[in-house]
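Residue numbers (the working numbering), protein chains in the order written: chain D, 97 to 237; chain Z, 253 to 451.
Every residue, glycine too, gets a C-beta built ideally from N, C-alpha and C.
Some notes on the structure that comes next.
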């Protein structure tokens, strides 16, 4: 059994009835009594000491400084969200138009599939096929 | 209006709910309510090894950013304390890594603390106690602070520090033994065996 933990559990009020009985018996020993007093006193004093120390170590206006950081983070987050929304708004019509073109091209390609000599441009837009070779051909009409 | 409702009920969960809806005044109230206790935990854990102010700011900012994840399973105090313990341990680990890289081992000399204890005046008691706690190795100090000052059970302390139950007990014993040696003269009057010591 760890005596210090046993004492702390006594001070926390966490001992069972049997343990409490055992504790009472141990209290007959002066050295154990002294140990209990030390742990109790240390626990009480340490709380005060650490609270005093914490107060000294916190710079002034802690809450104000923290809230300033929180507010700036919040504002930054909002700017990012607004930027993303604007970006999405701008991209949505572009995406829609691109999708329509792709669908048209695929549809044209499928419908003109029987006539293999016709290019996609001819099938969909009715324009003559252009290749690198005939682009430089001066007689090309 | 949300804040008014929160103030009326005066409960942390109502303030969290208001803060979650964007009420920063409610969040401010949470900060003001818990900053003292959290600063005590942090100062106990990191001692002189980092800025309490910085760690405490990190704790509240993490809490603010995770307001949406807070489900209310644990009380706000427990939730915040867990963040504070983790952040403090991170600071200690970072400090340890830094020391291992750049410095040789140089723990606060216990002799120095003992010498000041012998010449202590009553009004120096807080300072001496602080120096004694701060002189403990990180592992022992963490256990002593969480178990004795913050009132966590041995099981909870083990869970928070991610160590075995037995490890907490042995660190507690070794830490208290050192403190007994250092603070014996200071606590002498209070710890003399008396017939009324037993409650």
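{"Item": "Touching by the beta-carbon criterion (3+ pairs, under 8 Å), the region 271-281 of chain Z and the region 312-321 of chain Z", "Value": "yes"}
{"Item": "Those runs of the alpha helix (DSSP H) which lie wholly inside the region 290-352 of chain Z and span at least 4 residues", "Value": "304-317"}
{"Item": "Contact residues within the region 315-331 of chain Z, judged by C-beta distance below 9 Å to chain B", "Value": "The structure shown contains no chain B; its protein chains are D and Z."}
{"Item": "Straight-line Cα distance separating residue 201 of chain D from residue 37 of chain D", "Value": "No answer is possible for residue 37 of chain D: it lies beyond the span of chain D, which begins at 97 and ends at 237."}
{"Item": "Opening and closing residue of the alpha helix (DSSP H) in which residue 404 of chain Z lies", "Value": "From DSSP, residue 404 of chain Z is part of no alpha helix (DSSP H); its letter is neither H nor E."}
{"Item": "Proximal residues, the region 135-158 of chain D versus chain Z, C-beta separation under 8 Å", "Value": "135, 137, 138, 139, 141, 142, 143, 144, 145, 146, 147, 148, 149, 150, 151, 153, 154, 155, 158"}
{"Item": "Cβ contact (3+ pairs, closer than 8 Å) linking the region 410-427 of chain Z and the region 380-396 of chain Z", "Value": "yes"}
{"Item": "Proximity below 8 Å, CB of residue 100 of chain D to CB of residue 148 of chain D", "Value": "no"}
{"Item": "Spatial distance of residue 266 of chain Z from residue 161 of chain D (CA atoms)", "Value": "24 Å"}
{"Item": "Closest by C-alpha distance to residue 324 of chain Z, when choosing among Z/419, Z/303, Z/411, Z/264", "Value": "Z/264"}
{"Item": "Short CB-CB distance (under 8 Å) between residue 350 of chain Z and chain D", "Value": "no"}
{"Item": "Closer than 8 Å to chain Z by CB, residue 104 of chain D", "Value": "yes"}
{"Item": "Buried or exposed by the 16-neighbour rule on C-beta atoms within 10 Å, applied to residue 249 of chain D", "Value": "Residue 249 of chain D is absent from the structure shown; chain D starts at 97 and stops at 237."}
{"Item": "Closest by C-alpha distance to residue 159 of chain D, when choosing among Z/281, Z/381, Z/432", "Value": "Z/281"}
{"Item": "Min CB distance residue 284 of chain Z to chain D below 8 Å", "Value": "yes"}
{"Item": "Exposed unless 16 or more other CB atoms sit within 10 angstroms - verdict on residue 128 of chain D", "Value": "buried"}
{"Item": "Cross-chain neighbours of residue 166 of chain D in chain Z, by beta carbon under 8 Å", "Value": "276, 279, 312, 313, 316"}
{"Item": "Closer than 8 Å to chain Z by CB, residue 114 of chain D", "Value": "no"}
{"Item": "Touching by the beta-carbon criterion (3+ pairs, under 8 Å), the region 321-336 of chain Z and the region 183-197 of chain D", "Value": "no"}
{"Item": "Residue 421 of chain Z at chain D interface by Cβ criterion, 8 Å", "Value": "yes"}
{"Item": "Chain-order list of residues whose beta-carbon lies under 7 Å from that of residue 404 of chain Z (same chain, five-residue window excluded)", "Value": "398, 412"}
{"Item": "Continuous alpha helix (DSSP H) assignments of at least 4 residues falling wholly in the region 100-136 of chain D", "Value": "113-122"}
{"Item": "8 Å Cβ cutoff, residue 206 of chain D in contact with chain Z", "Value": "no"}
{"Item": "Among Z/340, Z/421, Z/306, nearest to residue 296 of chain Z - alpha-carbon criterion", "Value": "Z/340"}
{"Item": "Spatial distance of residue 163 of chain D from residue 309 of chain Z (CA atoms)", "Value": "10 Å"}
{"Item": "Coarse secondary structure for residue 97 of chain D, derived from DSSP in three states", "Value": "coil"}
{"Item": "Which listed residue (D/152, D/125, D/132) has its alpha carbon closest to that of residue 105 of chain D", "Value": "D/132"}
{"Item": "For residue 304 of chain Z and residue 291 of chain Z, believed in contact at Cβ under 8 Å, the rounded distance", "Value": "6 Å"}
{"Item": "Cutoff 8 Å: residue 398 of chain Z Cβ touching any chain D Cβ", "Value": "no"}
{"Item": "Within 8 Å, strictly: CB atoms of residue 384 of chain Z and residue 344 of chain Z", "Value": "no"}
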